[in-house]
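Numbering (this note's numbering), first residue to last: 253 to 771.
Now the structure itself:
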């Protein structure tokens, strides 16, 4: 039984003419029209149609949608001169007519402080709403975006890396729109097929499917841009958030989707996926696990060797001269050090800022997954930096808390119980706990602190931004005590021969930090 088409305002847009009638009042093809619309207002960049799609000669048509705020994500991604990475894919089951919503956007790197991991995040820029997902639809999307970005934003879009699924239509359209772009395909699909097909049939399938251009760029090293992995997790997560936001209004009528649901999607994207910065790397602290691996590499000279060239210095990591088995190429990681980039030293700061991270990624580069995921750091480049004396691993480890203090957590005290090292003199309330006992012991026997390790915190600033202060930790040893002074002071001598005098409260804090961090 043939399904009856809805009539009136909520009718289905079944022809190109009906679709154009709906989009006529929202078309935006010139800069004046672009400047006149609101930041989050839905605009139509192009309405297209073609009958040469497949063997059935079924007519395919659709339109390209966006808004001013999302289109500026292209400008945001290239604002600092960074290379741009894009991602494209379609999502389904949004309307009852079975149309596809194609998403095109840029990819950036964020750091999750809770998980202590880097993630690839997708930032949408434009959408293609099409009847049939084909090469023509993707060509129309890419051409209209190129034209609008150039005419309205004054920018020539030249992405360096483009990620997509194993789809011929997407690969062909990307190759026509940006011939110089490196196309990478989604590697998790490869692992899924491996598990499903098994080893017997896998070899033939792998040769025909993933060793033939343009789908032979599925591995981590295929991406020429650090911070852009050959995967689609970011855009798939975005698709999931769209459907979760729409809730009960999935599979709605087409006009309802365009009038209301598409507006909700744009507002969601503008609120959460249109940041002020989109970078191929992220500000983050140096992780203790990476520093530990880097330190192990630097202490064993059989794990690396150096190749000198005129402009580059190359470190081959995980190379041993006494392997039981012959070393394979897969066991080596190549770290390149550019001699043209001047880099003084990576300081022991709580978080490495964007300027330092950008300079560090220009100086050091690696081929491992951790480096490509973060865009600037891994254990191998940290080891190379330590060998080149651009990094003091022990000094940075001293300022990174990597575990909680030993022992059972203290019982929560009442608000009327005073438990502080800053108790007023003459107060009958005495501080309790190991910190208070250490303070009383040092006040009674000041000379016993000599030889103790101490971790002292200073306010530091970078030369390029002297007004921005950060807390840095430096390790040293208590070398002397001035017992005749009132109050008594102790001298801490650091590894660079500098010294600093502290009183009892500061000394107790410094010794406690050293003990809790196992220095």
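We put the CB at the ideal spot given by N, CA and C, even for glycine. Only a predicted model underlies this, so the values are computations on that prediction, with no experimental measurement involved.
Where do the ends of the alpha helix (DSSP H) carrying residue 607 lie?
First-last of the alpha helix (DSSP H) with residue 607: 606 to 615.
Return no unless some Cβ of chain D is closer than 9 Å to the Cβ of residue 525.
Structure shown: chain D not included; a single protein chain is present.
Report back the beta-carbon spacing between residue 337 and residue 532 to the nearest angstrom; my notes put them in contact at under 8 Å.
That pair is a contact at about 7 Å.
Between the C-alpha atoms of residue 743 and residue 732, what's the straight-line distance to the nearest angstrom?
C-alpha separation (whole angstroms): 5 Å.
How far does the beta strand (DSSP E) with residue 274 in it reach, from first residue to last?
That residue, residue 274, is in no beta strand (DSSP E); its alpha helix (DSSP H) goes 268 to 275.
Measure the C-alpha to C-alpha separation of residue 470 and residue 341 and round it to an integer number of angstroms.
Between residue 470 and residue 341, the C-alpha separation is close to 16 Å.
Would residue 734 and residue 762 qualify as a contact pair, given that the criterion is a beta-carbon distance under 9 Å?
No, they are not a contact pair.
Exposed or buried, what is residue 320 when buried is set at 16 or more other beta-carbons lying within 10 Å of its beta-carbon?
Its Cβ being crowded by 16 or more others within 10 Å, residue 320 is buried.
Could you have a look at residue 752 and say whether DSSP puts it in helix, strand or coil?
Residue state, collapsed to three classes: strand.
Going by DSSP in three states, residue 644 sits in which element: helix, strand or coil?
It is coil, neither helix nor strand.
Below 9 Å between beta carbons: does that hold for residue 542 and residue 404?
No.
Considering only C-alpha positions, which residue in the set 473, 432, 315 is nearest to residue 279?
Cα-wise, what sits closest to residue 279 is 315.
In the structure shown, what three-state DSSP assignment does residue 735 receive?
Three-state DSSP puts residue 735 in coil, outside helix and strand.
Tell me whether the segment 320 to 336 and the segment 419 to 437 touch, counting them as touching only if at least three CB pairs, one residue from each stretch, are closer than 8 Å.
In short, these stretches do not touch, since the Cβ pair count stays below three.
Looking at residue 281 and residue 297, is the spacing between their C-beta atoms short of 9 Å?
Yes; because the gap between Cβ atoms is below 9 Å, this pair is in contact.
Please state whether DSSP places residue 366 in a helix, a strand or coil.
Correct three-state label for residue 366: coil.
Since residue 729 and residue 740 are thought to touch, with beta carbons under 8 Å apart, how far apart are those beta carbons, to the nearest angstrom?
The pair is not a contact, with the Cβ atoms about 18 Å apart (cut-off 8 Å).
According to the neighbour-count rule (16 or more other Cβ atoms, all chains shown, within 10 Å of its Cβ), is residue 351 buried or exposed?
Looking at its Cβ environment, which holds 16 or more other Cβ atoms inside 10 Å, residue 351 is buried.
Only counting the same chain, and skipping five residues up and downstream in sequence, which positions put a Cβ closer than 6 Å to that of residue 268?
Answer for residue 268: 301, 313, listed in chain order.
Counting Cβ pairs closer than 8 Å, one from the segment 491 to 505 and one from the segment 321 to 330, do we hit at least three?
No, because fewer than three Cβ pairs between the segment 491 to 505 and the segment 321 to 330 fall closer than 8 Å, the two stretches do not touch.
Under the rule that 16 or more other beta-carbon atoms within 10 Å means buried, what is residue 721, buried or exposed?
Exposed.
Quick check on residue 401: does DSSP put it in helix, strand or coil?
Residue state, collapsed to three classes: helix.
So does the segment 587 to 604 actually touch the segment 613 to 632, counting three or more Cβ pairs closer than 8 Å?
At 8 Å Cβ cutoff, the stretches touch.
Do you know offhand how far residue 556's Cα is from residue 299's?
Each residue's alpha carbon lies about 58 Å from the other.
Tell me whether the beta-carbon of residue 346 lies closer than 9 Å to the beta-carbon of residue 513.
Yes.
Which of the three DSSP states, helix, strand or coil, is assigned to residue 496?
If DSSP states are grouped into helix, strand and coil, residue 496 belongs with the helices.
Which of helix, strand or coil does DSSP assign to residue 423?
DSSP places residue 423 in helix when its eight states are reduced to three.
Is residue 336 helix, strand or coil when you go by DSSP?
In this structure, residue 336 counts as coil in the three-state DSSP scheme.
Just reading off the beta strand (DSSP E) that residue 587 is part of, what are its end residues?
Its beta strand (DSSP E) spans residues 585 to 590.
Grab the span of the beta strand (DSSP E) containing residue 302 for me, first residue to last.
Counting along the chain, the beta strand (DSSP E) containing residue 302 begins and ends at 295 to 302.
How should residue 524 be labelled, buried or exposed, when 16 other C-beta atoms within 10 angstroms of its C-beta is the threshold for buried?
Exposed, by the Cβ-count rule.
By how many angstroms is the C-alpha of residue 686 removed from the C-alpha of residue 666?
In this prediction, residue 666 has a pLDDT of 49, which is less than 50 and means its spatial position is unreliable; what the coordinates show is noted afterwards. C-alpha separation (whole angstroms): 19 Å.
Hey, which unbroken runs of the alpha helix (DSSP H) at 4 residues or more fall wholly within the segment 472 to 521?
The qualifying runs are 485 to 498.
To the nearest angstrom, how far is the alpha carbon of residue 642 from that of residue 698?
Residue 642 and residue 698: Cα-Cα distance of roughly 38 Å.
Using 9 Å as the threshold, is the C-beta distance between residue 627 and residue 411 below it?
Not a contact, by the Cβ cut-off of 9 Å.
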